[in-house]
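To start, the structure itself, in structure tokens.
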Amino acid sequence: MAERIVAAVAEIAHIEGDKGKTLLALGIRDSSAEGCPACKGKFTLGETVVLACGPWEGMKYIHESEAVFDKKTAMYYERRCYQAPK
Ligand SMILES: [Zn+2]
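In the numbering used here, the protein residues as written are 15 to 100.
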């Protein structure tokens with residue numbers, strides 16, 4: 015059940031790009047999410063999360079406040095990762 019919700023959210027985020035912010039009120043729970051890889055914290059109902067690239071594989075949900083939106087690629091990046099020199 016919970017996994018299906020997450021999958022649907024990911025699809026929405028993919029389609030809407032920079033508008034793909036996700037309210038956790040949708041029901042992502044500790045049992046179905048690893049928590050936030052950016053701050054190592056757990057998600058709380060009502061927080062806004064985004065799918066972001068970072069020092070992890072693929073894209074993961076992190077708090078919006080820890081992400082930077084890159085207009086060139088239309089994707090979110092974990093803040094520290096984004097600021098790192100290339
Ligand atoms: Zn976080």
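The beta-carbon is built from N, C-alpha and C at its ideal position, and this holds for glycine as well.
- In the three-state reduction of the DSSP assignment, C95 falls in the helix class.
- Excluding sequence positions up to five before and after C53, its CB lies within less than 8 Å of the CB of I76, H77 and E80, all in the same chain and listed in chain order.
- When the five nearest sequence neighbours on each side are left out, the beta carbons in the same chain lying within less than 6 Å of the beta carbon of C95 are those of G68 and P69, in order along the chain.
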